Amino acid sequence: HFLNSRCRVQAVVPVSWYQLKPRPADAHHLLNKSGASDAKMITEEVEELRNLRREGFLVACPPGDDDDAYVLALARREDDRVRLEQQQLERQQGAGVLQKDESMGMEE
Numbered sequence: 009h010f011l012n013s014r015c016r017v018q019a020v021v022p023v024s025w026y027q028l029k030p031r032p033a034d035a036h037h038l039l040n041k042s043g044a045s046d047a048k049m050i051t052e053e054v055e056e057l058r059n060l061r062r063e064g065f066l067v068a069c070p071p072g073d074d075d076d077a078y079v080l081a082l083a084r085r086e087d088d089r090v091r092l093e094q095q096q097l098e099r100q101q102g103a104g105v106l107q108k109d110e111s112m113g114m115e116e
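In this text, residue positions in the sequence shown follow my numbering: the first is 9, and each later residue adds one.
Structure follows, in structure tokens:
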């Protein structure tokens, strides 16, 4: 819904999530009867996190920061960015109307 509405969507995760190594409880390890663990292998969950990160949907919360406060700071920054873009667009549209009005005055 939000993506279809052209909203920016991001999830804040602990920076430790960027250390994308599967845990022994991941599906691949549970199916691996040999007991051998390959920390470099990729499970579906790890691959999905990598895809989300690559697409810009994941934002890492710095260690020691309050994750709730970090989310609010990101939201405020995004709100400020959107507001600034809207103001610039309104100025451009206003300048276009002004130029159109001035050119109409010259034709009379």
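Backbone N, C-alpha and C define an ideal beta-carbon position, used for all residues, glycine too. In this text the structure is predicted, and so the values were computed from the model without any measurement.
Check: Do you know whose CA, among 81, 90, 99 and 78, lies nearest residue 14's CA?
Finding: 90
Note to self: If you follow the beta strand (DSSP E) that residue 23 is in, where does it begin and where does it stop?
What the structure shows: Where residue 23 is concerned, there is no enclosing beta strand (DSSP E), given that its DSSP letter is neither H nor E.
Next item on the list: Give every residue of the same chain whose Cβ lies closer than 6 angstroms to the Cβ of residue 79, excluding the five residues on either side of it in the sequence, and list them in chain order.
Entry: 20
Check: Three-state secondary structure (DSSP) at residue 90?
Finding: helix
Next item on the list: Could you tell me the boundaries of the beta strand (DSSP E) in which residue 60 lies?
Entry: Counting along the chain, residue 60 falls outside any beta strand (DSSP E), though it belongs to the alpha helix (DSSP H) covering 52-62.
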